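Taking it in order: structure first as structure tokens, then the write-up.
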Ligand SMILES: Nc1ncnc2c1ncn2[C@@H]1O[C@H](COP(=O)(O)OP(=O)(O)OP(=O)(O)O)[C@@H](O)[C@H]1O
Ligand SMILES: [Mg+2]
């Protein structure tokens, strides 16, 4: 059965779709990957012509995705707490929560994390991780944010994705791996590896 990685945060503009595309492109060397956009107006569904090598599937197929013949399914979700999320979380293997590194940005992930924790009580195999995205180069995380992240109970991934022009343009340039920004590539590859480490053993990359 396909492994499912869901990318969720009820706030808009934190990089869910950007990370979804770049993770999918990174995994697809080794695995057959489908990208699912649960949002009918979703950005992924609109750019599917740009990424003909990726299977981008609409939300209508969500019920059947696990039956489809893929190794890995990456699910992008909309910027609100949709009533579909609990069910989606329960069928996921890993939930990635991207956030910016400001104090109030991190505060804002709490309701998403609460939903994840509810799902984890019913599905103990479900893993989750927070990834800092759009981190300003040369600025670390402030102590108050570090403390807040510590108190969240959901692990913070070691990989930080920085604010990079190459990443903001990656959905029109065919993805980070396709480009020339070496540091951006390293970050996306490190993120991919870290996600793999969190998911149980069967999918080795
Ligand atoms: N690491 C990054 N560096 C620079 N720009 C980024 C980075 N990550 C995302 N962006 C840019 O930030 C904007 C928001 O990203 P994206 O659309 O992926 O967010 P989202 O969480 O999917 O938003 P929504 O919830 O509205 O669908 C986009 O313009 C994207 O190109
Ligand atoms: Mg999006």
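Residue numbers (the numbering used here): -1 to 203.
Quick reminder that beta carbons are idealized off the backbone N, C-alpha and C, glycines included.
As the structure is a prediction and not an experimental result, all values here were calculated from the model.
Item	Value
Closest to residue 102 by C-alpha separation, out of 6, 169, 72 and 12, would be which residue?	12
Let me check understanding here. Comparing Cα to Cα, which of 140, 40 and 195 lies closest to residue 14?	40
Closest by CA to residue 138, which one among 157, 122 and 153?	157
Mapping DSSP to helix, strand and coil, what is residue 66?	coil
Excluding sequence positions up to five away, which residues of its chain have a Cβ less than 7 Å from the Cβ of residue 46?	54
Are the CB atoms of residue 159 and residue 143 nearer to each other than 9 Å?	no
Going by DSSP in three states, residue 81 sits in which element: helix, strand or coil?	coil
So is the beta-carbon of residue 42 under 8 Å away from any non-hydrogen atom of ligand 2?	yes
How would you call residue 148, buried or exposed, if buried means at least 16 neighbouring beta carbons within 10 angstroms?	exposed
For residue 99, is the classification buried or exposed, using 16 other Cβ atoms within 10 angstroms of its Cβ as the cut-off for buried?	buried
Is residue 156 helix, strand or coil by DSSP?	strand
Thinking just about the alpha-carbon of each residue, which of 94, 28 and 68 is nearest to the one in residue 155?	94
Output needed for residue 171: all residues of its chain with C-beta closer than 6 Å, excluding positions within five of it in sequence on either side, in chain order.	177
Runs of 3 residues minimum, wholly inside the segment 95 to 147: which ones carry the beta strand (DSSP E) assignment?	125 to 133
With a Cβ-Cβ cutoff of 9 Å, do residue 181 and residue 150 count as a contact?	no
Can you grab the Cα-Cα spacing for the pair residue 35 / residue 77, in whole Å?	12 Å
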